[in-house]
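Below is one structure, written out as structure tokens; the observations come after it.
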Amino acid sequence: MRCDAVPAASVSLGYADRVVVIGELTPERDPNLLDLCDEHVGRMTPPVGWTVRDERLPAPAPVERVERVERVERVLSTP
Ligand SMILES: [Zn+2]
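Numbering-wise (this note's numbering), the sequence shown opens with residue 103 and increments by one.
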């Protein structure tokens with residue numbers, strides 16, 4: 103499948119369990135994995151009888167991000 107979009111995830115096929123695993127994009131190109139862009143990950147339909155398992159890390163909630171910044175600022179401002 104030719105797509106010029108930036109890959110966003112690496113997909114592997116678990117034949118034994120009939121599962122399509124969506125994982126974080128691997129830094130190194132792996133011939134056993136299929137790098138897909140967000141759009142193609144979203145449009146991917148597993149073969150009949152297969153399941154899709156998304157193992158990517160959930161994006162941190164906005165609140166959590168702010169708290170983290172505040173914590174860092176506090177640490178940095180502590181003499
Ligand atoms: Zn694509």
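Every residue gets a Cβ at the ideal spot worked out from N, C-alpha and C, and that includes glycine.
Compute the distance between the beta-carbons of residue i and residue j, then report whether it is under 7 Å.
| i | j | result |
| --- | --- | --- |
| residue 120 | residue 144 | no |
| residue 109 | residue 137 | yes |
| residue 113 | residue 154 | no |
| residue 176 | residue 126 | no |
I think residue i touches residue j, with their Cβ atoms under 8 Å apart; what is that distance to the nearest whole Å?
| i | j | result |
| --- | --- | --- |
| residue 107 | residue 124 | Their Cβ separation, rounded to whole angstroms, is 16 Å, which puts residue 107 and residue 124 out of contact at 8 Å. |
Tell me the DSSP bridge mates of residue i?
| i | result |
| --- | --- |
| residue 111 | 126 and 138 |
| residue 147 | The partner list for residue 147 (beta bridge, DSSP) is empty, contrary to what the question assumes. |
| residue 153 | 121 |
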